[in-house]
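**Student:** Numbered according to this note's numbering, the sequence shown spans residues 3 to 81. Ideal Cβ positions, reconstructed from N, Cα and C, are used throughout, including at glycine.
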Amino acid sequence: MEYLVLFFTQSGAIKYQRFLTSQRIHCKLQPIPRKLSSSCGIAVRFRYQGDLKMLLNEDVEKIYQVEADEYILRYPLEQ
3 MEYLVLFFTQ SGAIKYQRFL TSQRIHCKLQ PIPRKLSSSC GIAVRFRYQG DLKMLLNEDV
63 EKIYQVEADE YILRYPLEQ
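What follows is the structure, encoded as structure tokens:
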């Protein structure tokens, strides 16, 4: 599955990119799509088949699953 992660800060996005790279997960930085909002203008996009909980840290604001042009919120889940 493909995911797009939003962050509270730009430095958080860069740290997260380094973290994913250290886990051998190919990722790229990109501008946040206009459909989505965040305090930071940079997102990280990657493909991953495992449990997303393993990739959470304090820098992550939201995680969306990317399906064509749709963004499905996966974290945090609405309660």
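(1) In whole angstroms, give me the CA-to-CA distance for Cys-29 and Glu-63.
(2) Please classify Gly-14 as buried or exposed, where buried requires at least 16 other C-beta atoms within 10 Å of its C-beta.
(3) Quick test of your reading: Ile-74 and Phe-48, contact by CB under 8 angstroms. State the CB separation rounded to the nearest angstrom.
(4) To the nearest angstrom, how far is it from the Cα of Lys-17 to the Cα of Met-3?
(5) Are Gln-19 and Leu-38 close, meaning C-beta to C-beta below 8 angstroms?
(6) Determine the direct distance from the alpha carbon of Leu-6 to that of Ile-34, and round the result to whole angstroms.
(7) May I ask you to report which of helix, strand or coil DSSP gives Arg-49?
**Tutor:** Reading off the structure:
(1) Mapped onto the sequence shown, residue 29 falls at position 27. Mapped onto the sequence shown, residue 63 falls at position 61. Each residue's alpha carbon lies about 17 angstroms from the other.
(2) On the sequence shown, position 12 is the one that residue 14 refers to. Flag for Gly-14 reads buried.
(3) For the purposes of this step, residue 74 is taken as residue 72 along the sequence shown, with counting starting at 1. For the purposes of this step, residue 48 is taken as residue 46 along the sequence shown, with counting starting at 1. So it is not a contact: roughly 15 angstroms between Cβ atoms.
(4) Taking the first residue of the sequence shown as position 1, residue 17 is located at position 15. Taking the first residue of the sequence shown as position 1, residue 3 is located at position 1. Each residue's alpha carbon lies about 22 angstroms from the other.
(5) In the sequence shown, counting from the first residue as 1, residue 19 sits at position 17. In the sequence shown, counting from the first residue as 1, residue 38 sits at position 36. Not a contact, by the Cβ cut-off of 8 angstroms.
(6) On the sequence shown, position 32 is the one that residue 34 refers to. On the sequence shown, position 4 is the one that residue 6 refers to. Whole-angstrom Cα-Cα distance: 9 angstroms.
(7) To locate residue 49, count along the sequence shown from 1; it is residue 47. Strand, per DSSP.
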